[in-house]
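Numbering (our numbering), first residue to last: 30 to 186. Even for Gly, the Cβ is constructed at its ideal location relative to N, Cα and C. For reference, the structure discussed in these notes is given below.
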Amino acid sequence: MKVVLKGIGFKCKKCGFCCDAPTVTKKDLSKIAGYLNIPLNKVIKEYCKFFNGKIGELKEIKGKCIFYDFDNKKCLIYPVRPLICRFRPYSIQYKNGELIITYDIWFLRYCKGLYLGDNIDEESLKYANTVLKYLGIEKTVNEDEFKKRIEKLKNEQ
């Protein structure tokens, strides 16, 4: 897949701003169960808003993921954080007849870790094919969103 970031780099600031309730796969939930040393069905019952047997969503507390530690601003399950959390701020989109990796619209608008530059978070990108397989393609980001963010980043310098 082609990577299209348009001169916007990313470096996570570990601020917790994006730590909402993520979509999770069954494999994510199994890893969480192992990490917490509790049965998978208990993880699903206690920590999922819903789960359809393949994918689900974790519950939220005050608009944040149930595993977000408000006091320390960190993820309580970071070593086994869900696939989508590992892939953020990127998304897979279909543009001009091809699959591309680019920024998720929410991150393009709000992420505090974006800056003008060419840094690509290779660690996150290695999850692209798995994200595509289990979570699919997201809505294509309009070119104007990139222009707006580039202007905002220029003004912040």
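Touch test, the segment 56-74 against the segment 35-43, Cβ-Cβ under 8 Å, three pairs minimum: no
Of the residues K102, K74, P111 and Y97, the one placed nearest T54, counting alpha carbons only: As a position in the sequence shown, residue 54 is number 25, starting the count at 1. Cα-wise, what sits closest to T54 is P111.
Endpoints, the alpha helix (DSSP H) within which F136 is located: Along the sequence shown, one-based indexing puts residue 136 at 107. Counting along the chain, the alpha helix (DSSP H) containing F136 begins and ends at I134 to Y139.
Buried or exposed by the 16-neighbour rule on C-beta atoms within 10 Å, applied to K60: In the sequence shown, the residue the question calls residue 60 occupies position 31. So K60 counts as buried.
Endpoints, beta strand (DSSP E) assigned at Y144: For this step, residue 144 is matched to residue 115 along the sequence shown. Residues L143 to L145.
Environment of I90 [buried if 16+ CB atoms lie within 10 Å]: On the sequence shown, position 61 is the one that residue 90 refers to. Per the 10 Å Cβ criterion, exposed.
R117 and D133 closer than 8 Å at C-beta: Residue mapping note: residue 117 aligns to position 88 of the sequence shown, counting from 1. Residue mapping note: residue 133 aligns to position 104 of the sequence shown, counting from 1. At a Cβ-Cβ threshold of 8 Å, R117 and D133 count as neighbours.
Local conformation of K103 per DSSP, three classes: As a first step, residue 103 is located in the sequence shown; it is residue number 74 there, counting from the start. K103 falls in the strand class under three-state DSSP.
Start and end residues, beta strand (DSSP E) containing C77: As a position in the sequence shown, residue 77 is number 48, starting the count at 1. Residues C77 to F80.
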